[in-house]
Structure formats: C-alpha cells, structure tokens
Amino acid sequence: MSLEKTRLRLGIVPLIDAAPLVAAKERGFFAMQGLEVEISREASWANIRDKVALGVLDGAHMLATMPLSASLGLGAIREKMVAAMGLNTGGNAITLSNALWERMAEADPAAMTRRPVTARALKTVIEEDRRQGRPPMTFAVVYPVSPHMLELRYWMASAGIDTERDLRLVVVPPPQMVAQLSAGNIDGYCVGEPWNSLAVSLGLGRVAITSRELWAGRVEKVFGVTESWARTHPQTHKAVLKALIQAACWCDENRGELAEILAQPAYVNAPAEVVRASLLGRFRYEFGGPEEDIPDFLLFHRHGANFPWRSQALWFLRQMARWRQLPPGVDMGRTMEEAYRPDLYRMAALELGLAVPTTDSKTEGTHAGLWTLTQASAPLEMGPDLFFDGSVFDPAAASQTSLPPGEEAAGA
Amino acid sequence: MSLRVIVVDDEPDRAVLVREALEAEGFTVVGVFPTGAGLMTKVPELQADVIIVDIDSPDRDTLEDMRRVTFEQRRPVVMFAQDGKPETIRAAVEAGVAAYVVDGLKAERVKPVVDVAVARFAQFQGLRTELHKAKSSLAERKLVEKAKGILMQRRQCSEEEAYKLMRKMAMDQKARLVDIANRIIEAADLLG
C-alpha cells in the first residue's frame, strides 16, 4: 500500500529521550520506510501540542500524558491525539539541593541512607519550617501535566506531604533547572536526564530517587499525532512507527554512538560525557559518589518499552484526577482507549516480525525482576515494574471504581 | 481601562516594533523581557492582562502553569483556550506568536492586542526574508557578473554572448544561472 505522504515534519524537544526520532533520521530508518523527515526542534511542550494540533507538525516526541491532556483540552485547544507507541521507559530522577539534603539527613538520618529514599525526612523538614514560620519551599517540574509532576507528587504524598499546601510547585524548562537550583530559586526538581547528572557532576545537588526506583518500566515519552492525522494517514503512520521501533532497537544496542549524535548542539546540546553516562546507565547519586550501574535506567525498546500500555495511561489519568487536574465527569476508560492505541502498535511491530503483547493492560507493581509475558504473540521478556512504596495498580479494579469529581483517589 | 501587556521576546528589535505598535493602539505595555526573566513573579506584580510570547521561547511552558500556581491571583491561560478559534491560533503560530490571557477576559477585548502583535511579528519576518533575499540576490548578481567576465576573456566574446551562453547552459543542465556561474568560477580557479 502506498504512503499518503512521504515528506514529514516531526517535532522534538531537545532531550535524551528524543533519541528514537533522532536516530531514525540520522541512521536512515525513516529513509528505509520511504520517508523524508525534517526534525523540528521545539522550545516548549506547549509548542509541540499546538503545532501538532494545528498540523504544522505531522507528529512529535510527546510527554506520555500529552495525548490524554490534549484530548481533554486541559488548559488549551482541545484536539484528540493518539499515541501508538512509547519512545522510552524511565530516565527521570528527583534531584534535591545539597542544602536541603543536609537538612533532611540531619532530621531523619535513617530515612536518607536506605534506598529507595523516601520523602519522610522531607516531611519532617517541612513541618519544622512551618513551626518556624518560614515560607514554603519551591520544587520544579518541566510541565504542569507531565509524568514528572505526577512522579514528584506521588513520591512526596506517600510520605504524607500535602503537595498543594506544603510547598510551591513551578514549571522550569529542563535546560534552566540546574541554573535555578544553583541560584537557590528552587530546592529540588524532577526532570529527565542529563539534567540530574549535570547537577550532580557540578556538585550542586543530589539525586534522591530515579524513576527506575519510583516506578520501574513506566512509559515516559510517546510518539503522538492527532487522531484525525492517524485516520487520514494510516500507511504513513505505520511506516513512521516501523522506523521508530527499529530506531529504538538500535538506540538500546548502540548507546555510545547515540551519545555522540545526541550531544551535538542540534539535539540535546549538553556535555557528551554526561550524555554518555546517563545513556549507559552509569549513574551517580552524589558528587564524588560511586558510579552505579543501572542498565535499565532508560530503555528505548527492551522489556516492551514501545508498547503503549493502557494500564499506564489509566494510572496517569487517576493521578491527574487525584491532583484535580481533570475536569469533573471525565470518562477515564474512554479517554485512555482513544488516546493509547496498542492496536496500531501491533500492526507495525508484527510487520517487523517482533513479538507483541496480545493484552492491552497489565497489573503494575508485581514484578521485582525479569519475567515473561505469555499473553503475547510469542513469549516476551519483560522487566521489573515495582512502585517504590510497594503498591500494586490493577487496572481492571481501578476502572471499576469511579472517582467522584475532584475527590482524591484512595491510596492511588 | 486599557489592557496591560507584557512582551517576552529575545529579539530586541522586534520587541520594540511590537511595543510601539501596541502603544499606538492605546494599549499599555507594562514590560518587555527576554526569556527566563521570572514571569512567575512579573505577571502578578505588573498586573498584566495579556502576555505576548515569542513562540520559540521556552518560557511558554512556565506560562502554561501559571493558571495553577497563581490561582488566588490572576490566572493567564493560553490564548482562546475557552472558545478555541483554530484559524486565529494558526495565524499566530505562523507568525511566531503565542499569547496568554488572564482568565475571564473576553476574547473580543483581547483579539486586537493579539492581532497587532501577529501583524508586527509577520512584518518583522517579512522584513527578514526580504533582507535575506536582497542580500542573496546581490551576491548572486555579483557571481554572475564575475562568471561573465571570465567567459568574455576566455572566449573573446561580447558580454551579451557570454550571458546567452550561460543561460543556455543553465537551461540545458536544468540548473540555476547562479549555479552555472559558480561552476565557471570554480573551473577558472582550477585552470588558473
């Protein structure tokens, strides 16, 4: 079948997890599918959303929450968007300023030495500040409706911190995070790499917890297009997906070479050493600390990373509701099914001869190590999927309990 | 009361153009800032109603969040989020303008501000393209002249004959005149 369109403009935000798009262009995976792709570097997630919605871009590297939030029109023009594949799992971390870390270590030494580090000590520090009448601390994320926002709030809330009352949450573009931390304008942040490792390597902050520990195997960025584009360009969409899946495989296997490509000014524009370390999963939590090997810190393809799990979309929606980011009366099940499209992923991946899950959802939080997914066209090796607090997310049970509008999801 | 506007633009010349045009229309420009100037505090401090942002500024994502963190104050939301008019937004995006408007302001009150900004951004873009074109066509003319001179000297022909020869080569080879001129200059350099 012939392609509806061969010349495409795809948007990226200059981050390490734009890698599959960059590699597909630089290593010829788009060309192999008969596509001529121009990569457009965008300065903000708002640009990505608006340009995809208006058709200025055919598709883009998107926050995993964006197809959901754009489809619901949260704070912007409403445009139905779909994600037929994930671009990566993991890759984020929460970094705290050295000053805050020291206060936490003093307040609750036991809580700070055991990994994964909880926010228990942070709660003690916040309570101390309140008694002293000090202004609340400020934490930053990259976008209001983002996996980063949900990760940071989940981590804090599980220690009993009220993220609306106890602190200020602001949005800072990733390349400005380190400077803002250094200037003392923010006390901590949740961001993707290399902006955590950079703060550590400059001796400005310490990593409290990575997304690998917080919730392993969670989709971070997706490839998103509008629903109408997907409907009118089915063959082109499939060709893009095939190129991106192949590129994602390549990214997992060729990380050194990938680091060279990504570090260039046209892409991430960060020191090659720092980019390489985060791509190789050589992670330092603190300045001068040991280099720890976390091979699955950031995955592009392995362990089903490209499959758009609806269970994860539902988790995002439930957390968005928990933090009152959803308007009342949203049909979460329908939103998730319209925005996350495993059916489209399967069509592309099967043509590449890859094994694909035959189920759209899985129970999250039950595997500490490698396991085999048997609900698949052929057995599929999967990775850990634990939450740091030991909770289990069963999508079937979750979709049966309806949330009263504006009320917190119990336990979540 | 006249609407209070903040302009966020890293292109100082364009920012001046936008400011003057807005003031000429009777709007109050309360601040012009580059990216990263701390809009979180500036917007409430200056009581801005409308924020005009260069679409290539990363500050857009910060502005996207202001409706949540400044909930007790003034909450800017992305232009026409409520009654989304894709054609207005498309015109703005094409000109390179993003606009944020304090929640509750009526779209028809804000539209003139956005229209002025979009017009000035588009004009600036037009000026830049024109300047670029003028510069490149001047450079191209110079190259064609030089190549003509080379041909006239080597072939002992008139200027008109040299020009005709180059035009024929361009047509035969389906190339632009300036590309032919470049090849002639390169060949002459090689042959010394």
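Line order of the protein sequences matches chains W and C.
Under the numbering used here, the residue at position 328 of the first sequence is numbered 328, and the numbers go up by one with no gaps.
Throughout, the numbering used here is defined as the position within the second sequence, counted from one, plus 412.
All C-beta atoms, glycine included, are put in the ideal place defined by N, C-alpha and C.
(1) Exposed or buried, residue 289 (chain W), counting other C-beta atoms within 10 Å across all chains shown (16 or more means buried)?
(2) Does the distance from the CB of residue 526 (chain C) to the CB of residue 439 (chain C) come in under 7 Å?
(3) Mind checking residue 420 (chain C): buried by the 16 CB within 10 Å criterion, or exposed?
(4) Which whole-angstrom value describes the C-beta separation of residue 224 (chain W) and residue 66 (chain W), a residue pair presumed to lie in contact below a C-beta threshold of 8 Å?
(5) Mapping the DSSP letters down to three states, classify residue 598 (chain C) as helix, strand or coil.
(6) Counting only Cβ pairs nearer than 9 Å, list the residues of chain C close to residue 63 (chain W).
(7) Helix, strand or coil for residue 481 (chain C) per DSSP?
(8) Is residue 3 (chain W) helix, strand or coil when you go by DSSP?
(9) When you compare the CB positions of residue 368 (chain W) and residue 336 (chain W), do they come within less than 7 Å of one another, or not?
(10) Taking only beta carbons into account, state which residues of the segment 435-465 of chain C come closer than 7 Å to chain W, listed in chain order.
(11) Count the other C-beta atoms from every protein chain shown that fall within 10 angstroms of the C-beta of residue 408 (chain W), then say buried if there are 16 or more, exposed otherwise.
(12) Taking 8 Å as the limit between beta carbons, can you name the residues of its chain near residue 483 (chain C), skipping five residues before and five after?
(13) Identify whether residue 215 (chain W) lies in helix, strand or coil by the three-state DSSP scheme.
(14) Compute the Euclidean distance between the alpha carbons of residue 10 (chain W) and residue 139 (chain W), then round it to the nearest angstrom.
(15) For residue 387 (chain W), write down the residues that DSSP places opposite it in a beta bridge.
(16) Quick one: give me the first and last residue of the alpha helix (DSSP H) that residue 561 (chain C) is part of.
(17) Could you check whether the segment 266-277 of chain W touches the segment 320-336 of chain W, counting it as contact only if at least three pairs of C-beta atoms, one from each stretch, sit closer than 8 Å?
(18) Would you mind telling me which residues of chain C sit closer than 9 Å to residue 143 (chain W), beta carbon to beta carbon, in chain order?
(19) Any idea which residues DSSP pairs residue 189 (chain W) with across the strands?
(20) Please compile the residues from chain C whose C-beta is within a distance smaller than 7 Å of the C-beta of residue 47 (chain W).
(21) Does the beta carbon of residue 426 (chain C) come closer than 7 Å to any beta carbon on chain W?
(22) Should residue 375 (chain W) go down as buried or exposed, given a rule of 16 or more other Cβ atoms within 10 Å for buried?
(23) In this structure, what does DSSP give as the bridge partners for residue 38 (chain W)?
(24) Using the rule of at least 16 other Cβ atoms within 10 Å of the residue's Cβ for burial, across every protein chain shown, is residue 547 (chain C) buried or exposed?
(25) Where does the unbroken alpha helix (DSSP H) through residue 428 (chain C) begin, and where does it stop?
(26) With a threshold of 16 other CB atoms inside 10 Å of the CB of residue 20 (chain W), please say whether the residue is buried or exposed.
(27) Can you grab the Cα-Cα spacing for the pair residue 95 (chain W) / residue 103 (chain W), in whole Å?
(28) Can you list, in chain order, the residues of its chain whose CB lies under 8 Å from that of residue 6 (chain W), leaving out five sequence neighbours each side?
(29) How far does the beta strand (DSSP E) with residue 88 (chain W) in it extend, from its first residue to its last?
(30) For residue 511 (chain C), which beta-bridge partners are listed by DSSP?
(31) Are the C-beta atoms of residue 173 (chain W) and some chain C residue less than 7 Å apart?
(32) Express the C-alpha separation of residue 220 (chain W) and residue 177 (chain W) in angstroms, rounding to a whole number.
(33) Taking buried to mean at least 16 other C-beta atoms within 10 Å of its own C-beta, is residue 601 (chain C) buried or exposed?
(34) Tell me which residue opens and which closes the alpha helix (DSSP H) that residue 310 (chain W) is part of.
(35) Taking the continuous beta strand (DSSP E) assigned at residue 398 (chain C), which residues delimit it?
(36) Give the residues from the segment 496-509 of chain C that approach chain W closer than 7 Å (Cβ to any Cβ), ordered along the chain.
If we stick to the structure as given:
(1) Counting from 1 along the first sequence, the entry for residue 289 (chain W) is found at position 289. When all chains shown are included, residue 289 (chain W) counts as exposed.
(2) As a working mapping, residue 526 (chain C) is identified with position 114 in the second sequence. As a working mapping, residue 439 (chain C) is identified with position 27 in the second sequence. Cβ atoms of residue 526 (chain C) and residue 439 (chain C): not closer than 7 Å.
(3) As a first step, residue 420 (chain C) must be located in the second sequence, where it is residue number 8. When all chains shown are included, residue 420 (chain C) counts as buried.
(4) Residue mapping note: residue 224 (chain W) aligns to position 224 of the first sequence, counting from 1. Residue mapping note: residue 66 (chain W) aligns to position 66 of the first sequence, counting from 1. At roughly 6 Å, the Cβ-Cβ gap stays under 8 Å, so residue 224 (chain W) and residue 66 (chain W) are in contact.
(5) Sequence index remark: in the second sequence, residue 598 (chain C) carries index 186 (1-based). Reduced to three states, the DSSP call for residue 598 (chain C) is helix.
(6) Here residue 63 (chain W) corresponds to residue number 63 of the first sequence, with the count starting at 1. Those within 9 Å of residue 63 (chain W) in chain C number zero; the least Cβ separation is about 10 Å.
(7) Numbered from its first residue, the second sequence carries residue 481 (chain C) at position 69. Residue confidence is low: residue 481 (chain C) scores 47 on pLDDT, short of 50, so the model does not pin down where it sits. Its coordinate-derived value is still stated next. Helix, per DSSP.
(8) On the first sequence, residue 3 (chain W) is found 3 positions in, with the first residue counted as 1. Residue 3 (chain W) falls in the coil class under three-state DSSP.
(9) Here residue 368 (chain W) is taken as the residue at index 368 of the first sequence, counted from 1. Here residue 336 (chain W) is taken as the residue at index 336 of the first sequence, counted from 1. Not a contact, by the Cβ cut-off of 7 Å.
(10) For the segment 435-465 of chain C, which is checked against every Cβ of chain W, the residues closer than 7 Å are 448, 452.
(11) Looking up residue 408 (chain W) in the first sequence gives position 408. A caution first: residue 408 (chain W) carries a pLDDT of 46, below 50, which makes its placement in the model unreliable, though a value can still be read off. With fewer than 16 Cβ atoms within 10 Å of its Cβ, residue 408 (chain W) is classed as exposed.
(12) Within the second sequence, numbered from 1, the residue matching residue 483 (chain C) stands at position 71. Note that residue 483 (chain C) scores a pLDDT of 42, beneath 50, so its modelled location is shaky; the value from the coordinates is reported in the next line. Same-chain partners within the cutoff: there are none.
(13) In the first sequence, counting from the first residue as 1, residue 215 (chain W) sits at position 215. Of the three classes helix, strand and coil, the one that applies to residue 215 (chain W) here is strand, per DSSP.
(14) Along the first sequence, one-based indexing puts residue 10 (chain W) at 10. Along the first sequence, one-based indexing puts residue 139 (chain W) at 139. If I take the Cα positions, the gap works out to 31 Å.
(15) Taking the first sequence and counting its residues from 1, one reaches residue 387 (chain W) at position 387. DSSP output for residue 387 (chain W) lists W:215 as bridge partner(s).
(16) Locating residue 561 (chain C) in the second sequence gives position 149, counting from the first residue. Its alpha helix (DSSP H) spans residues 519-567.
(17) no
(18) Start at 1 with the first residue of the first sequence, and residue 143 (chain W) comes out as number 143. Correct list: 473, 476, 477.
(19) Numbered from 1 along the first sequence, position 189 holds the residue referred to as residue 189 (chain W). DSSP output for residue 189 (chain W) lists W:95, W:140 as bridge partner(s).
(20) Here residue 47 (chain W) corresponds to residue number 47 of the first sequence, with the count starting at 1. Ordered by position in chain C, the residues that pass the 7 Å Cβ test against residue 47 (chain W) are 467, 472.
(21) Locating residue 426 (chain C) in the second sequence gives position 14, counting from the first residue. No, because no Cβ of chain W sits closer than 7 Å to the Cβ of residue 426 (chain C).
(22) One-based indexing of the first sequence puts residue 375 (chain W) at position 375. Classification of residue 375 (chain W): exposed, given that the 10 Å Cβ count is below 16.
(23) What you label residue 38 (chain W) is simply residue 38 of the first sequence in a count that begins at 1. According to DSSP, residue 38 (chain W) bridges with W:9.
(24) Within the second sequence, the letter at position 135 stands for residue 547 (chain C). Result: exposed.
(25) Locating residue 428 (chain C) in the second sequence gives position 16, counting from the first residue. Here the alpha helix (DSSP H) through residue 428 (chain C) covers 424-436.
(26) As a first step, residue 20 (chain W) must be located in the first sequence, where it is residue number 20. So residue 20 (chain W) ends up on the buried side.
(27) In the first sequence, residue 95 (chain W) corresponds to position 95, counting from 1. In the first sequence, residue 103 (chain W) corresponds to position 103, counting from 1. So the two alpha carbons sit approximately 14 Å from each other.
(28) Counting from 1 along the first sequence, the entry for residue 6 (chain W) is found at position 6. For residue 6 (chain W), where only same-chain residues beyond five positions count, the Cβ hits under 8 Å are 34, 35, 36, 236.
(29) The count along the first sequence starts at 1 and reaches residue 88 (chain W) at position 88. Segment 81-90, the beta strand (DSSP E) holding residue 88 (chain W).
(30) By one-based count along the second sequence, residue 511 (chain C) stands at place 99. Its beta-bridge partners are C:464.
(31) On the first sequence, position 173 is the one that residue 173 (chain W) refers to. It does: the Cβ of residue 173 (chain W) has a partner Cβ on chain C nearer than 7 Å.
(32) Here the question's residue 177 (chain W) lines up with position 177 in the first sequence. Here the question's residue 220 (chain W) lines up with position 220 in the first sequence. Each residue's Cα considered, the two are about 19 Å apart.
(33) For the purposes of this step, residue 601 (chain C) is taken as residue 189 along the second sequence, with counting starting at 1. Label assigned to residue 601 (chain C): exposed.
(34) On the first sequence, position 310 is the one that residue 310 (chain W) refers to. Here the alpha helix (DSSP H) through residue 310 (chain W) covers 310-322.
(35) Here chain C covers residues 413 to 604 and nothing more, so residue 398 (chain C) does not appear.
(36) Within the segment 496-509 of chain C, the residues whose Cβ lies closer than 7 Å to any Cβ of chain W are, in chain order, 496, 498, 501, 502, 505.
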